[in-house]
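A.B. asks: Numbering (the working numbering), first residue to last: 150 to 346.
We put the CB at the ideal spot given by N, CA and C, even for glycine.
This structure is in structure tokens; I'll ask about it shortly.
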Amino acid sequence: LDDFYAAIGYGGVMLSRLIPRMKDEYLRMQREEQIAAAPLTPVVTQPRRKQHNGGVIIDQMDDCLVKFAQCCNPVPGDEIVGYITRGRGVTIHKADCVNALSGEEERRVEVEWADESLGAFTASLKIVAYDKPNLLVEIASIISEMNISIKNVAASLDEKTQIATFRFAVEVKSREQMDKVVKQLMKKSDVIDVFRA
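Okay, structure coming up:
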């Protein structure tokens with residue numbers, strides 16, 4: 150109940166949608182009381198169908214605004230947690246994200262990925278490698294050969310050690326696809342390390 154009140158306060162549940170549902174719930178309760186008065190009539194109740202918002206199922210909430218945190222960029226397959234924001238619905242974080250863990254515990258809600266295909270999600274890759282000519286082109290080719298779109302690239306070079314660091318923003322469909330990219334990049338002899346940023 151506290152989570153529900155919080156959702157109303159933070160704009161996750163709109164009053165214009167709440168009032169008709171309250172009326173429906175009131176009518177449903179009246180019907181149940183009438184059925185209880187006639188116990189010989191068998192009653193079969195259907196389990197509540199889980200509804201999903203933007204690719205995730207949010208415990209105890211339907212039709213609320215959902216956005217994915219840019220601090221940790223969760224993708225399907227990651228363990229996730231929802232965080233009720235002030236006036237902006239529920240933000241989805243990776244379960245181990247520092248920002249979600251350091252926030253107020255009562256504003257965290259249970260969430261899970263919906264079963265169906267959800268489209269593409271942006272994730273960040275950090276690649277550390279020994280510098281050489283055409284290194285960026287070779288790394289980008291490995292990623293694009295796996296049918297993964299590259300949205301952004303940032304690069305830096307340590308002149309003293311000749312070690313290059315790349316940050317790629319890529320679009321993936323799942324954690325499994327992300328793991329495959331990491332494994333493929335690690336096969337390259339010039340690459341020192343690859344991890345999600």
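1. Could you give the DSSP three-state label for P225: helix, strand or coil?
2. What beta strand (DSSP E) runs, 3 residues minimum, are completely inside the segment 253-323?
3. Assuming I276 and F317 are in contact, meaning their beta carbons sit under 8 Å apart, how far apart are those beta carbons, in whole angstroms?
4. Do Q334 and V343 have their C-beta atoms closer together than 7 Å?
5. Within a Cβ cutoff of 8 Å, which residues of the same chain sit near P196, ignoring the five residues on either side of it in sequence?
6. Please say whether L214 and G418 have beta carbons closer to each other than 7 Å?
7. Provide the residue(s) that pair with R345 in DSSP beta bridges, ordered along the chain.
8. Would you list the residues sitting across from I157 in a DSSP beta bridge?
9. Using the three-state DSSP reduction, which class does K336 fall into: helix, strand or coil?
10. For the segment 218-235 against the segment 280-296, are there 3 or more C-beta pairs whose distance is under 8 Å?
11. Quick check: what's the CA-CA separation for E294 versus V260?
12. Closest by CA to G231, which one among K337, A249, E325 and R324?
13. Would you kindly work out how many angstroms separate the C-alpha atoms of A272 and N222, rounded to a whole number?
14. Name the residue from I157, A244, M171 and C220 whose alpha carbon lies nearest to the alpha carbon of R257.
C.D. replies: The short version:
1. Taking the first residue of the sequence shown as 1, we reach residue 225 at position 76. DSSP places P225 in strand when its eight states are reduced to three.
2. Runs found: 260-262, 270-279, 298-307 and 312-321.
3. The residue labelled residue 276 in the question sits at position 127 within the sequence shown. The residue labelled residue 317 in the question sits at position 168 within the sequence shown. At roughly 7 Å, the Cβ-Cβ gap stays under 8 Å, so I276 and F317 are in contact.
4. Stepping through the sequence shown from its first residue, residue 334 is reached at position 185. Stepping through the sequence shown from its first residue, residue 343 is reached at position 194. First, the residue type needs correcting, since residue 334 is Leu and not Gln in the sequence shown. Yes, they are a contact pair.
5. Working through the sequence shown from its first residue, we reach residue 196 at position 47. A caution first: P196 carries a pLDDT of 41, below 50, which makes its placement in the model unreliable, though a value can still be read off. Within the same chain, P196 has no close Cβ partners at all.
6. With the chain running from 150 to 346 in the structure shown, residue 418 is simply not present.
7. The residue you call residue 345 lines up with position 196 of the sequence shown. Assignment of beta-bridge partners to R345 by DSSP yields L274.
8. Numbered from 1 along the sequence shown, position 8 holds the residue referred to as residue 157. Paired residue(s): none; I157 is not in a bridge.
9. Locating residue 336 in the sequence shown gives position 187, counting from the first residue. Coil, per DSSP.
10. Taking 8 Å as the limit for Cβ pairs, the verdict is that the segment 280-296 does not touch the segment 218-235.
11. For the purposes of this step, residue 294 is taken as residue 145 along the sequence shown, with counting starting at 1. For the purposes of this step, residue 260 is taken as residue 111 along the sequence shown, with counting starting at 1. Approximately 33 Å between the Cα atoms of the pair.
12. Sequence index remark: in the sequence shown, residue 231 carries index 82 (1-based). Among K337, A249, E325 and R324, the Cα nearest to that of G231 belongs to A249.
13. Here residue 272 is taken as the residue at index 123 of the sequence shown, counted from 1. Here residue 222 is taken as the residue at index 73 of the sequence shown, counted from 1. One C-alpha to the other measures close to 5 Å.
14. Along the sequence shown, read from residue 1 onward, the residue named residue 257 stands at position 108. Nearest C-alpha to R257: A244.
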